[in-house]
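Heads up, the sequence shown is in my numbering, so the first residue is 43 and it goes up one at a time. Worksheet: one structure, shown below.
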Amino acid sequence: MSATVRPRTKLAALAGLTLAGLTLSLVPAGTASAASVATWDKVAHCESTDNWSINTGNGYYGGLQILKSTWDAYGGQQYTAYPHQATKQQQILIAEKILAGQGAGAWGSCGAAAGLAADHADPYPGTAPETPATPSVSSTV
43 MSATVRPRTK LAALAGLTLA GLTLSLVPAG TASAASVATW DKVAHCESTD
93 NWSINTGNGY YGGLQILKST WDAYGGQQYT AYPHQATKQQ QILIAEKILA
143 GQGAGAWGSC GAAAGLAADH ADPYPGTAPE TPATPSVSST V
């Protein structure tokens, strides 16, 4: 015995999917995994004692202590070769991509202490949001 679907049922299902797609397209992009500059400052205070140009030779760079491979995977090379060579704003813009891709846990206890997961503010409102890059390797900050 085969199931049959009435044309009206198909139409209702299609309309529902179309409405759901339209609703999702109206949700602003880039705000679900974002944090204010003040919150990023708290992360940097914990990670590097506010030194945005730090390079201690431990493999992590800049104020947010980002691995070189993570920097590269999320598009940091568009700014500089290493995170510590980038401006604070450039480091935060790449950190936003990392946050969207890996979540607040990428910064461990520093991210948690700063409230990174709870802050959904756009750090630089008025600028066009960039789509997070898909990392080529599985990496953490």
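The beta carbon of each residue, even a glycine, is placed where N, CA and C say it ideally should be.
Query raised in the report: Helix, strand or coil: which one does DSSP assign to I108?
Result: strand
Requested in this report: Note down the Cα distance separating A159 from T98, rounded to an integer number of angstroms.
Outcome: 27 Å
Query raised in the report: A80 to I96, Cα distance in whole Å?
Result: 19 Å
Query - Nonlocal neighbours in the same chain, by C-beta distance under 7 Å from T65, ignoring five residues either side - result: Only weak support exists for where T65 lies, its pLDDT of 37 falling under 50; the value from the coordinates is given anyway. Cβ neighbours of T65 beyond the five flanking positions: none.
Query raised in the report: Thinking C-alpha only, which one of K139, T91, K130 and D83 is nearest D114?
Result: K139
Report task. Take K110 as the anchor and find which of I136, S75, Y166 and G143 has the nearest alpha-carbon. Result -> I136
Report task. With a threshold of 16 other CB atoms inside 10 Å of the CB of S151, please say whether the residue is buried or exposed. Result -> exposed
Query raised in the report: CB E89 to CB G105, shorter than 8 Å?
Result: yes
Query raised in the report: Sorry if obvious, but does the Cβ on T98 come closer than 7 Å to a heavy atom of the ligand GDP?
Result: Here there are no bound small molecules, and the ligand GDP is not part of this structure.
Requested in this report: State the Cα-Cα distance for the pair H126 and T91, rounded to the nearest angstrom.
Outcome: 14 Å
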